[in-house]
DNA sequence: TTGTCGTTCTCCATCGTTGTAGTCTTCGGC
DNA sequence: GCCGAAGACTACAACGATGGAGAACGACAA
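Chains as they are written, first to last, in the numbering used here: chain A, 410 to 747; chain B, 410 to 747.
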């Protein structure tokens with residue numbers, strides 16, 4: 410069997426509680442005792458049994474990360490950032506994908522057995538909306554990511570979506586583009602990434618005095634490459650003319666950019682493109698894609714930090730907080746002229 | 410506090426062991442007792458405490474997946490497949506990234522604290538090589554993925570790399586290409602994905618009677634888009650001429666394809682491309698990329714199944730097994746003529 | 001010398017579950 | 001109507017760690 414506190418205690422000639430105290434840096438331990446214990450731990454290669462610790466202390470040392478889909482580059486990179494931030498603090502991360510956008514399924518994952526062993530949850534909301542905020546008043550500490558729910562019952566970490574897409578749109582306007590496509594809208598959505606990014610787009614047009622044309626707003630349900638390509642194909646087939654594209658995420662932009670080039674148009678000369686998210690791939694597309702860096706590492710850092718605070722604090726003692734990251738325009742070839 | 414077996418037992422008017430028996434489908438329970446218990450469980454919304462269960466039974470219900478990097482699309486998709494396969498069997502997956510290719514770091518992760526709470530490990534070997542196989546004789550059940558270690562001390566699930574790249578090379582040869590670049594070789598590597606895929610390439614040339622030219626073998630250390638682009642830039646600068654590229658993974662191919670097109674060459678007319686892995690992105694590149702589908706879902710299914718067998722079995726009672734998936738050539742635009 | 005206090009350590013109960021070893025029914029066969 | 005065996009259930013002791021109460025010890029002031 411494996412080594413327990415008893416084995417270490419016996420070898421060091423102390424009680425198991427003293428060993429436990431050494432491990433937890435309890436202050437009142439004589440230096441020589443501490444050394445004996447540490448030596449015994451090293452000699453036996455003792456590892457605490459996490460199940461036992463979890464049972465006794467009520468903490469598992471793991472946090473859950475609920476995201477839509479790992480195959481989506483944005484979320485894979487977010488998961489990477491969260492794992493880095495969590496490991497720094499000695500936490501494990503249990504990743505859970507929710508797949509499609511089904512409210513019921515999403516709630517089940519949130520409450521389901523797999524999220525039952527974690528001390529807290531980072532939840533990147535997809536299907537739920539503002540009207541469901543009440544459902545999130547669960548007993549497990551929770552920090553929300555994404556842009557579907559604001560002013561919910563708990564902390565919320567996100568990026569300034571409106572500012573980001575305003576920045577993106579202003580960038581294209583500054584290049585002299587006037588007929589700019591907004592790619593990725595969700596009809597009637599007000600909050601949510603799509604709604605907010607559309608707002609940034611319209612705000613930028615307004616500020617520049619460029620008329621808003623409804624036909625330049627392209628609705629796209631999902632935000633994968635495929636959807637961007639399909640939407641662009643349909644848009645071009647309908648004969649709408651445009652000289653710039655603000656895509657609401659990078660995948661949409663990459664899919665659409667491909668279709669535009671296939672049709673013989675040049676990027677950026679005929680159509681300038683800018684995306685959102687700064688996924689790795691944007692550095693290697695043809696042309697490389699300008700985009701908005703949403704501060705993923707910052708999201709992860711703040712979210713994990715806040716979650717940890719909530720885990721340690723008395724339930725209800727921390728009022729809901731909101732954090733918006735600092736964003737940055739990344740200019741690449743898709744908006745750069747030789 | 411949360412609901413325990415005691416609460417359920419009290420409500421149902423039975424002992425806690427009977428509740429436990431109902432949960433575990435112990436056969437000798439009267440239907441009406443079972444119903445009472447199930448009703449109590451439902452009413453109280455009882456969830457077993459996994460730490461307690463883990464402590465008592467010695468099983469945590471989690472398996473570890475050690476991969477190089479989630480940001481790498483191949484591994485993100487592999488992780489997705491593994492999670493799907495694991496959830497089907499009621500298991501959690503704890504993902505761990507090892508980052509760079511440092512042997513010591515890799516062994517530390519394998520033995521480290523984070524892999525201590527899992528019942529078994531799926532390990533996609535990166536830095537270790539055949540000579541380190543002995544180091545893997547650890548007590549935790551282990552199944553190896555990837556191509557660095559064959560005939561190790563435990564099960565191994567992989568894809569037929571030689572067949573795959575032979576198939577890829579034959580495909581280009583069948584299009585009449587004679588000067589085919591092998592992109593992604595690792596000098597002096599014999600086993601390992603790079604060594605095996607190079608072998609498939611040479612075998613295909615030999616079988617077709619096409620002379621092997623060393624200058625067409627391009628060494629590339631890492632297999633990211635960036636590296637493919639850089640290597641292709643260097644190759645073109647050196648003046649070597651070629652009409653086809655067998656890239657040892659899709660990312661390399663996508664990076665290289667971009668550089669080739671940047672230089673004004675057409676794909677596939679001037680240079681035909683084929684990759685390896687069938688990552689999602691190959692469906693949306695310009696042009697879409699032909700590739701080898703390595704059977705990721707099959708890898709995940711077999712690996713998780715075998716790992717579970719090892720977890721349940723007596724240590725040492727299962728002899729090491731090897732599994733190779735069925736692969737498939739996926740032809741897309743990068744090797745298709747209008 | 002005695003009392004007090006802080007330090008250093010030990011003992012024991014406990015977390016929620018499951019394995020083992022029982023106890024008490026029930027039922028069929030003679 | 002008695003016996004044995006199987007069926008249905010219970011009691012209790014673990015699993016390995018930690019929190020709390022308190023014991024032993026030495027240092028110091030009165």
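Where is the CB? At the ideal position from N, CA and C, for every residue including glycine.
Hey, could you find the ends of the beta strand (DSSP E) residue 682(B) is sitting in? That run of the beta strand (DSSP E) goes 681-683.
Which residue's Cα is closest to the Cα of residue 556(B): 544(B), 547(B), 569(B) and 641(B)? The shortest CA-to-CA distance from residue 556(B) to any of 544(B), 547(B), 569(B) and 641(B) is the one to 569(B).
Just to confirm the assignment, what range does the beta strand (DSSP E) spanning residue 737(B) have? Run containing residue 737(B): 737-739, per the beta strand (DSSP E) assignment.
At a CB-CB cut-off below 9 Å, which residues of chain B make contact with residue 670(A)? Here the neighbours are 695.
Is the separation between the beta-carbon of residue 564(A) and that of residue 536(A) shorter than 8 Å? Going by C-beta atoms, residue 564(A) is not nearer than 8 Å to residue 536(A).
Please compile the residues from chain B whose C-beta is within a distance smaller than 8 Å of the C-beta of residue 539(A). Listed along chain B is no residue with a C-beta nearer than 8 Å to that of residue 539(A); the closest approach is about 26 Å.
Could you tell me the alpha carbon to alpha carbon distance between residue 503(A) and residue 472(B), rounded to whole angstroms? The straight-line gap from Cα to Cα measures roughly 11 Å.
Closest by CA to residue 743(A), which one among 669(A), 608(A), 554(A) and 712(A)? Of the candidates 669(A), 608(A), 554(A) and 712(A), the one whose C-alpha sits nearest the C-alpha of residue 743(A) is 669(A).
Smallest Cα separation from residue 544(B): which of 505(B), 515(B), 445(B) and 467(B)? If we check each option's Cα against that of residue 544(B), 515(B) comes out closest.
Using a 10 Å radius around the Cβ and a threshold of 16 neighbouring Cβ atoms, would you call residue 746(A) buried or exposed? Label assigned to residue 746(A): exposed.
At the level of alpha carbons, what is the spacing between residue 707(A) and residue 674(B)? Residue 707(A) and residue 674(B) have their alpha carbons spaced roughly 41 Å apart.
Does the beta-carbon distance from residue 630(B) to residue 574(B) come in below 8 Å? Taking the C-beta atoms as reference points, residue 574(B) is found no nearer than 8 Å to residue 630(B).
Check this for me: beta carbons of residue 667(A) and residue 663(B), under 8 Å apart or not? Cβ distance not < 8 Å, so residue 667(A) and residue 663(B) don't count as in contact.
Whole runs of the beta strand (DSSP E) within the region 622-649 of chain B, excluding any shorter than 3 residues: Entirely contained in the region 622-649 of chain B, the beta strand (DSSP E) runs reaching 3 residues are, in chain order, 626-628.
Check each residue of the region 516-534 of chain A: if its Cβ is closer than 8 Å to any Cβ of chain B, include it; give the result in chain order. Hits within the stretch, in order: 522, 523, 525 and 526.
Separation of residue 661(B) from residue 480(B), as counted between CA atoms: If I take the Cα positions, the gap works out to 15 Å.
CA-to-CA distance, residue 578(B) to residue 626(A), given in whole angstroms: Near 45 Å, if we compare the C-alpha coordinates of residue 578(B) and residue 626(A).
Check whether residue 640(B) and residue 603(B) have beta carbons under 8 Å apart: The answer is no: Cβ separation not under 8 Å.
CA-to-CA distance, residue 739(B) to residue 597(B), given in whole angstroms: In this model, residue 597(B) and residue 739(B) are separated by some 29 Å (Cα to Cα).
With hydrogens ignored, establish whether the beta-carbon of residue 540(B) is closer than 7 Å to any heavy atom of the ligand GTP. What this structure holds is no ligand at all, so the ligand GTP is not there to describe.
At a CB-CB cut-off below 8 Å, which residues of chain A make contact with residue 456(B)? Within 8 Å Cβ-Cβ: 522 and 525.
Can you tell me the Cα-Cα spacing of residue 492(B) and residue 549(A), whole angstroms? Cα to Cα, the separation comes out at about 23 Å.
Helix, strand or coil for residue 601(B), going by three-state DSSP, please let me know. Looking at residue 601(B) - three-state DSSP - the assignment turns out to be coil, as it is neither helix nor strand.
To which residues of the same chain is residue 638(B) closer than 8 Å at the C-beta, ignoring the five residues directly before and after it? If we look at residue 638(B) and ignore the five residues flanking it on each side, its Cβ neighbours are 664, 665, 667 and 668.
Between residue 635(A) and the rest of its own chain, which residues show a CB-CB distance below 7 Å, the 5 nearest in sequence each way excluded? Here the set comprises 664.
8 Å Cβ cutoff, residue 646(A) in contact with chain B: Not a single C-beta of chain B is nearer than 8 Å to the C-beta of residue 646(A).
Just mark residue 710(A) as buried or exposed, buried being the case when its beta carbon has 16 or more other beta carbons within 10 Å. When all chains shown are included, residue 710(A) counts as buried.
Starting from the N-terminal side, write out each stretch of the alpha helix (DSSP H) that is 4 residues or longer and does not extend beyond the region 672-744 of chain B. With a minimum length of 4 residues, the continuous alpha helix (DSSP H) runs that stay inside the region 672-744 of chain B are 705-721.
What are the boundary residues of the alpha helix (DSSP H) that residue 450(B) is part of? Counting along the chain, residue 450(B) sits inside the alpha helix (DSSP H) bounded by residues 440-453.
Can you list, in chain order, the residues of the region 614-639 of chain B whose Cβ is nearer than 8 Å to any Cβ on chain A? Only those residues of the region 614-639 of chain B whose C-beta falls short of 8 Å from the nearest C-beta of chain A are listed: 634, 635 and 638.
I need the boundaries of the alpha helix (DSSP H) containing residue 514(A), first residue and last residue. From DSSP, the alpha helix (DSSP H) with residue 514(A) extends over 512-520.
Touching or not, the region 710-722 of chain A and the region 437-447 of chain B, by the rule of three or more beta carbon pairs under 8 Å? Inter-segment contact for the region 710-722 of chain A and the region 437-447 of chain B is absent: fewer than three beta-carbon pairs are separated by less than 8 Å.
Here's a check: name, in chain order, each residue in its chain whose Cβ is nearer than 6 Å to the Cβ of residue 732(B), leaving out the five neighbours to either side. So the list reads 566 and 711, once near-sequence residues are dropped.
Can you tell me whether DSSP reads residue 567(A) as helix, strand or coil? The answer is strand: DSSP assigns residue 567(A) an E or B state.
Using only the alpha-carbon positions, how far apart do residue 684(A) and residue 651(A) sit? The alpha-carbon of residue 684(A) is positioned some 16 Å away from that of residue 651(A).
Residue 466(B) beta carbon less than 8 Å from that of residue 526(B): No, the pair does not count as a contact, with Cβ atoms beyond the cut-off.
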